[in-house]
């Protein structure tokens, strides 16, 4: 799986947009970008994933550059409950047949949302 | 629907002992993965089971073993515990071979 680079920490004011960057310059053509987050003392939670088009769901938006070497996770209106470690993971997409699909976590970005 | 459940929530053991951790996946999910998370690090992959067969194993010693039962629940066993095995052990389930995994709250193991 391709390696990712994220800043160790970021701050954001409550109500403002939080933009979390991720570099994945060695990403290959069949690899997707996944984002998970982990609120303190809980298990990781899936946020969003994408291949090359921008994606949006009820939690966040994912912007992937045209060359796919970097991406940005956007939380449009951050709340205090969004304080968490955010992990950017690059790996092959949905695989059928139960093949190994481990997630390789780095250290992630600790996002602190301030009141 | 209930999410992934794990038991126990906390556990204290001494060096050399053995421990068994349990995981119940989301109903309908046939795949279970185990991860170890030490303080300050991201989760590290230990095992993946699908349809009761081991489909992947991370870089962990043979002291770590797991199995999946016909009802798709799973157990993780760790023998001859070391102080360095102290960690949060996470279980994740998914429907089939998809990368969207649903994590349980974890079991926090402390080895003294």
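Chains as they are written, first to last, in this note's numbering: chain A, 5 to 119; chain B, 947 to 1058. By construction, the Cβ of each residue, glycine as well, lies at the ideal position given by its N, Cα and C atoms. From a predicted model like this one, the values you see are computed outputs, not experimental measurements.
Between residue 1053(B) and residue 985(B), which are expected to be in contact by the criterion C-beta below 8 Å, what is the C-beta distance as a whole number of angstroms?
15 Å between Cβ atoms; not a contact.
Output, in sequence order along the chain, the residues in the segment 30 to 62 of chain A whose CB is closer than 9 Å to any CB in chain B.
36, 38, 40, 42, 45, 46, 47, 48, 49, 50 and 53
Using a cut-off of 9 Å between C-beta atoms, extract the partners of residue 108(A) located in chain B.
988, 990 and 991
Helix or strand or just coil, what does DSSP make of residue 41(A)?
strand
Can you find a CB in chain B that lies within less than 7 Å of the CB of residue 73(A)?
no
Examine the Cβ distances between the segment 21 to 36 of chain A and the segment 64 to 75 of chain A and report whether three or more of them are shorter than 8 Å.
yes
Looking only at DSSP bridge pairs, what is residue 83(A) linked to?
Looking at the DSSP assignment, residue 83(A) forms no beta bridge with any residue, so it has no partner.
Name, going along the chain, the residues of the segment 1034 to 1053 of chain B whose beta-carbon falls closer than 9 Å to a beta-carbon of chain A.
1034, 1036, 1037, 1038, 1040, 1042, 1043, 1044, 1045, 1046, 1047, 1048, 1049, 1050, 1051 and 1052
Can you tell me whether DSSP reads residue 114(A) as helix, strand or coil?
strand
Residue range of the beta strand (DSSP E) that residue 956(B) falls in?
956 to 959
Based on the DSSP output, what are the partners of residue 67(A) in its beta bridges?
76(A)
Just how far apart, CA to CA, sit residue 1018(B) and residue 95(A)?
25 Å
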